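Residue numbers (the working numbering): 1338 to 2026.
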């Protein structure tokens, strides 16, 4: 008989070494995240992505310097972010997939740094927290939208700074402190929402030790608080003065801002706990201090914090997690104006950083679930991955994103406006006007929509309606420079030159250093017969920008009108030196050459213009005219016939073809084209004998 010292037990499977487990979990995380984000990896540019991907004028080393030292060079002053975009453009140019893959890699890096930070703090469930963070659908906006690389990159610096500071807290090493400070500065220069890090560190220390010591905990972070406050206030100033976060849409009293903050906190908490009906632009709330229900949000927040404070003797973790959540949201709670508040007070990407505290708290609780409940975490992760995959699909292209937004938020005027702009770029003009009309139904005070609609109406020949929309934009915003310019052009087209000049000059007062305005003003002056005044304005444009090819060309037109053909020819040639593919300048130079008897040179320039714009009936007519006067009748006939194929109702081409056919001894055909010319333009002269 075999003796037994105790009850029979099932042999336990050997536990994998921690390093191996980490590698396997990391590999699983990468694979899962790549699959979940696959629909957006080859997506296109969205909304303001083009303003973040490095612009042509910033792609040189001098451009890199401008990113750091020229405040208006980039949309926002985040020089580390835009330096990263600069490097990325060097690597793959305009290949959009490269930017998406970079953002995805940064998101995964943030998840891994999150694991490291939680491990350093001995928080249970570190890898579960990483999966929840990496696969939560509220973060799709931050990862699938190229512009929000500011989120993924800044959070990587934020977490790296926190890890380095935890090491400093343990060792009091000056090197660790300086490394942490450097990462914090990089984070601030990527996105200043990271200014909340020093406060977050104090919350973590209170959670770990139950108290905050002034000398060891607070004093080392005082420079961080100063840097964070300076960065935050500077960004608030940029948002207000340079980006436009000011005006009646942002006029909220302190009471309204407190009500807004309370509602914002619960909104984000709701989306984090139950990520349903996520959308790119949420409805913009009305913040009415008289609405009793709105007071429930801040009261509930205060009540929840008080309850968690009372429970701190049992566990400090829930209060710490909530404080990290609310603190991470502080820059977007409504106490500071930011431009997106124009159309919504909330956006998914605003809680990318803030969500870490609650996700860590949730993961720590989930890994403690007993028995069968342990199936909850993997099911939850799988569910979140599925939702993230679905949420990625609208981010494949801008039109899908805007149409999805409209479907989920039918009152979103900004989505209609952006969709209309996209349709304009695609040439789908028939769909544009209804989209802008809908924008203005939803937001009649949108100066941007009035202006955009005016431009579309002007370009499609609806001049009276265009003038009305420009005037509406100026009624709402009298200092709207582009609206003054657009209205000036519309009035010029309508032959109302004095009014056009007045609006062009108003635009000039608003932006006296913009060469294009001098150029536009010169054009209306010349057309109204004030040639010398127009020449003066063109020269002002060229003093500001000597390589302004269009201004050289227009100056040539004005000089020719002033009977100075030699000077006009010099300006056309200068325009072509700057821009060799400038078809209009080739045509204008050819006109002068023809009038001065330089036939071969004129033919050469006309052919150059036609090579650049082969569908121009005018250029073919001009070349045919040269051939006619040079007695090269077959070539003249060919050019006039080409002009008419391109534009059958071109009266001048019919008339010119009648002349050359008559000279070629083809009177019947000549008569037919002459009659058609007179039908189209009765003021044309009789066919000479």
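Note that CB positions come from ideal geometry on N, CA and C, so glycine has one too. Just so it is clear, the structure is predicted and the values come from calculations on it, not from any experiment.
- Boundaries for residue 1614: no alpha helix (DSSP H) harbours it, and the DSSP string shows neither H nor E there.
- Annotation: the continuous alpha helix (DSSP H) that includes residue 1727 extends over 1713 to 1729.
- Rounded to the nearest whole angstrom, the CA to CA distance from residue 1914 to residue 1733 is 42 Å.
- Pairing residue 1884 with residue 1912, the inter-Cα distance amounts to about 8 Å.
- In the DSSP assignment, residue 1871 falls within the unbroken alpha helix (DSSP H) covering 1868 to 1881.
- A Cβ-Cβ contact shorter than 8 Å links residue 1770 with residue 1793.
- When rounded, the separation of the alpha-carbon atoms in residue 1969 and residue 1925 is 21 Å.
- Per DSSP, the continuous alpha helix (DSSP H) segment holding residue 1692 begins and ends at 1692 to 1703.
- Secondary structure of residue 1528 (DSSP, three-state): coil.
- Going by beta carbons, residue 1450 and residue 1369 fall outside the 8 Å limit.
- When DSSP states are grouped into helix, strand and coil, residue 1707 belongs to the coil group.
- Secondary structure in the region 1719 to 1807: the alpha helix (DSSP H) runs of 4 residues or longer, each lying completely within the stretch, are 1735 to 1745, 1750 to 1762, 1766 to 1779 and 1784 to 1796 in chain order.
- Judged by pairs of C-beta atoms under 8 Å, the region 1691 to 1699 touches the region 1658 to 1673, as three or more such pairs exist.
- At least 8 Å separates the beta-carbon of residue 1983 from that of residue 1945.
- If one requires a minimum length of 4 residues, the alpha helix (DSSP H) runs lying completely within the region 1403 to 1470 are 1416 to 1429 and 1433 to 1457, in chain order.
- Between the alpha carbons of residue 1521 and residue 1500 lies a gap of roughly 11 Å.
- Between residue 1857 and residue 1822, the C-beta spacing is below 8 Å.
- The shortest C-alpha to C-alpha distance from residue 1493 to any of 1759, 1448 and 1434 is the one to 1448.
- Contact fails between the region 1615 to 1631 and the region 1699 to 1719, because fewer than three Cβ pairs, one in each stretch, are under 8 Å apart.
- With fewer than 16 neighbouring CB atoms inside 10 Å of its own CB, residue 1547 falls in the exposed class.
- Exposed is the label assigned to residue 1406, since fewer than 16 other Cβ atoms lie within 10 Å of its Cβ.
- Residue state for residue 1934 is assigned as coil, using DSSP reduced to three classes.
- According to the DSSP assignment, residue 1508 belongs to the alpha helix (DSSP H) that extends over 1486 to 1508.
- Contact check between the region 1952 to 1965 and the region 1933 to 1943: three or more CB pairs, one atom from each, fall below 8 Å, which counts as touching.
- The closest CA to that of residue 1544, considering only 1652, 1743 and 1750, is found on 1652.
- For residue 1968, no alpha helix (DSSP H) encloses it, and the DSSP letter there is neither H nor E.
- For residue 1394, the secondary structure class from DSSP, reduced to helix, strand or coil, is helix.
- The shortest CA-to-CA distance from residue 1488 to any of 1510, 1763 and 1684 is the one to 1684.
- Of all C-beta pairs linking the region 1570 to 1589 to the region 1705 to 1713, fewer than three are shorter than 8 Å, placing the two stretches out of contact.
- Rounded to whole angstroms, residue 1429 and residue 1484 show a C-alpha spacing of 17 Å.
- Judged by DSSP in its simplified three-state form, residue 1681 adopts coil rather than helix or strand.
- DSSP, reduced to helix, strand and coil, places residue 1549 outside both helices and strands of the structure shown, so it counts as coil.
- Around the CB of residue 1565, 16 or more other CB atoms lie within 10 Å, so the residue is classed as buried.
- In this structure the region 1460 to 1479 does not lie against the region 1413 to 1427, because fewer than three pairs of beta carbons, one per stretch, are closer than 8 Å.
- In this structure, the CA atom of residue 2021 is about 30 Å from the CA atom of residue 1837.
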